[in-house]
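S.K.: Okay, handing you the structure first.
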Amino acid sequence: MQLRSNGVIHLSDYDKRMTDFVRSLAVFQLKGGVGKTTTAVNIAALAAAEGIRTLVWDLDPQGAATWCLGAEPDLKQDKVWRDGLPIGRYIHRTPYDRLDVLAADISLRKFHQSVADKRSARETMSEAIDMLGEDYGLVIVDCPPMIWPQIEGVLQSVDRILVPVEPSRLSIRAYEQSRQQLEWVKKRQWLPFVTLIDRRKQAHVTWVNETAPNIEELLPVFIAYSASAERMLEQRAPVVSCLPHVPMSRNYRALWEAIKQKLPAT
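Note that the sequence shown covers residues -5 to 260 in this note's numbering.
Below, the structure is given as structure tokens:
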């Protein structure tokens, strides 16, 4: 990780002293449009604000996390896996202290073709997460809504898997399907939480009171639906940073506190 070019991180520029906090999270859901990227970016910003060197690894070809954190990738991430280029060349600084992003781009559409066999794909991702953990206190992977071998490798390797679940049967079904297909994932790794709740809608209130309690491992917090998420895209900044006093920011602070309680002890 030694290249310095166009905002790309040069790790020797940083004080590498670490806290005792060395963890990894994946944000994953087979159903799209449930706030995966919003969650990844805001939890990362909160961790960094607490003094934890944090990396968001954007694996979604749309690159929404990369965009929201202000990065402008000039290299294709698939070359890391196809040509064996150093992963550090794709890590960019963000405007926020202690927060970096491993930038995504459209080349990740063919990410699943970059490693010849399933076992190698899993091992490659596991090794990458271990390596990144040497320089960061927290690695957060923003996953696409797909189960590729590489994504399986991520889910197998991280400490916890955050799953946004909106108040709909399709969202619950997607979570249940994930658990069935990924039966080797340890039960304690799953951390589902309720998102996109509109308390003005009686159906949502009923869902929270009657359906949500039946979701296994559900965290006792929810993220309210808010137009603040659109502001995040407009300003290319985490909601907790650009709008710290809105309800969504308070919700994400509560979620971060709940996540910390579930992370393994050092």
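Glycine is no exception: its CB is placed at the ideal position from the N, C-alpha and C atoms.
For N36, I'd like the list of residues in its chain whose CB is within less than 7 Å of its CB, leaving aside the five on either flank, ordered along the chain.
M.R.: Here residue 36 refers to the residue found at position 42 when the sequence shown is read from its first residue. Here the set comprises P232, V233, V234 and Y246.
S.K.: Once you ignore the five residues that flank V148 on each side, which residues in its own chain have a CB closer than 6 Å to its CB?
M.R.: Within the sequence shown, the letter at position 154 stands for residue 148. Excluding residues within five positions, the ones whose Cβ falls inside 6 Å are A20, M119 and V135.
S.K.: Would you check if the distance between the CB atom of L185 and the CB atom of I155 is smaller than 8 Å?
M.R.: The residue labelled residue 185 in the question sits at position 191 within the sequence shown. The residue labelled residue 155 in the question sits at position 161 within the sequence shown. The answer is yes: Cβ separation under 8 Å.
S.K.: Does D129 come out as helix, strand or coil in the three-state DSSP assignment?
M.R.: By 1-based counting over the sequence shown, the position of residue 129 is 135. In this structure, D129 counts as coil in the three-state DSSP scheme.
S.K.: Is it buried or exposed for M125, if we count other Cβ within 10 angstroms and need 16 for buried?
M.R.: The sequence position of residue 125 within the sequence shown is 131, counting from 1. Label assigned to M125: exposed.
S.K.: Judging by CA-CA distance, which residue of F22, V16, V28 and R17 is the nearest neighbour of S162?
M.R.: Here residue 162 refers to the residue found at position 168 of the sequence shown. Closest option to S162, Cα to Cα, is V28.
S.K.: Between which two residues does the beta strand (DSSP E) holding S243 run?
M.R.: Against the sequence shown, residue 243 aligns to sequence position 249. That residue, S243, is in no beta strand (DSSP E); its alpha helix (DSSP H) goes P241 to K256.
S.K.: For the stretch 26 to 84, which segments carrying the alpha helix (DSSP H) assignment without a break, of at least 4 residues, lie completely within its bounds, in sequence order?
M.R.: With a minimum length of 4 residues, the continuous alpha helix (DSSP H) runs that stay inside the stretch 26 to 84 are 30 to 43, 58 to 62 and 72 to 76.
S.K.: Return the bridge partner residues of P186 from the DSSP annotation.
M.R.: The residue labelled residue 186 in the question sits at position 192 within the sequence shown. V157.
S.K.: Taking DSSP's pairing of strands, which residues face V95 in a bridge?
M.R.: As a first step, residue 95 is located in the sequence shown; it is residue number 101 there, counting from the start. In DSSP, V95 forms a bridge with V50 and H86.
S.K.: Does the stretch 235 to 254 come close enough to the stretch 167 to 182 that 3 or more CB-CB pairs lie under 8 Å?
M.R.: Touching, no.
S.K.: What residues in its chain sit with their C-beta under 6 Å from that of A41, if we drop five residues either side in the sequence?
M.R.: Residue numbering aside, residue 41 sits at position 47 when the sequence shown is read from its first letter. Contacts found: T48 and L132.
S.K.: Which residues share a DSSP beta bridge with V152?
M.R.: What you label residue 152 is simply residue 158 of the sequence shown in a count that begins at 1. According to DSSP, which records beta bridges pairwise, V152 is partnered with nothing at all.
S.K.: When you compare the stretch 247 to 256 with the stretch 218 to 226, are there three or more beta-carbon pairs, one atom per stretch, that lie closer than 8 Å?
M.R.: Touching, no, given that fewer than three Cβ pairs across the two stretches are closer than 8 Å.
S.K.: Going by the CB atoms, is the gap between D99 and H86 shorter than 8 Å?
M.R.: Within the sequence shown, residue 86 is the residue found at index 92, counting from 1. Within the sequence shown, residue 99 is the residue found at index 105, counting from 1. Not a contact, by the Cβ cut-off of 8 Å.
S.K.: Using a threshold of 8 Å, state whether the C-beta atoms of T60 and A34 are closer than that.
M.R.: On the sequence shown, position 66 is the one that residue 60 refers to. On the sequence shown, position 40 is the one that residue 34 refers to. No, Cβ-Cβ distance for T60 and A34 is not below 8 Å.
S.K.: Applying the criterion that 16 or more other CB atoms from any shown protein chain within 10 Å of the CB defines a buried residue, is N0 buried or exposed?
M.R.: For the purposes of this step, residue 0 is taken as residue 6 along the sequence shown, with counting starting at 1. At N0 the pLDDT is 31, less than 50, meaning the model places this residue with poor confidence; the figure from the coordinates comes in the next sentence. Its Cβ having fewer than 16 others within 10 Å, N0 is exposed.
S.K.: For Y90, which residues from the same chain have a beta carbon less than 7 Å from its beta carbon, with the 5 sequence-adjacent residues on both sides left out?
M.R.: The residue you call residue 90 lines up with position 96 of the sequence shown. Cβ neighbours of Y90 beyond the five flanking positions: A39, A42 and S235.
S.K.: On a Cα-Cα basis, can you pick out the residue from G45, L63 and Q183 that is closest to F22?
M.R.: Residue 22 sits at position 28 when you count from the first residue of the sequence shown. Measuring from the Cα of F22, the nearest candidate turns out to be Q183.
S.K.: By Cβ distance below 7 Å, which residues in the same chain neighbour A206 in space, the five residues on each side in sequence not counted?
M.R.: Walking along the sequence shown from the start, residue 206 turns up at place 212. Excluding sequence neighbours, A206 sits near V188 and L212.
S.K.: Ignore the nearest five residues each way along the sequence and tell me which others in G64's own chain have a CB closer than 6 Å to its CB.
M.R.: As a working note, residue 64 is residue 70 in the sequence shown. The residues are T88, P89 and R230.
S.K.: List the whole-angstrom C-beta distance separating L257 from P138, where the pair is believed to meet the contact cut-off of C-beta under 8 Å.
M.R.: Along the sequence shown, read from residue 1 onward, the residue named residue 257 stands at position 263. Along the sequence shown, read from residue 1 onward, the residue named residue 138 stands at position 144. Not confirmed; about 24 Å, so no contact.
S.K.: Grab me the residues of D192's own chain with a C-beta within less than 8 Å of its C-beta, minus the 5 sequence neighbours each way, in chain order.
M.R.: Residue mapping note: residue 192 aligns to position 198 of the sequence shown, counting from 1. H198, A218 and Y219, listed in sequence order.
S.K.: Is it buried or exposed for L227, if we count other Cβ within 10 angstroms and need 16 for buried?
M.R.: Against the sequence shown, residue 227 aligns to sequence position 233. The residue in question, L227, is exposed, as its Cβ has fewer than 16 Cβ neighbours within 10 Å.
S.K.: Ends of the alpha helix (DSSP H) at L164?
M.R.: Within the sequence shown, numbered from 1, the residue matching residue 164 stands at position 170. R163 to Q175 is the span of the alpha helix (DSSP H), which, as asked, contains L164.
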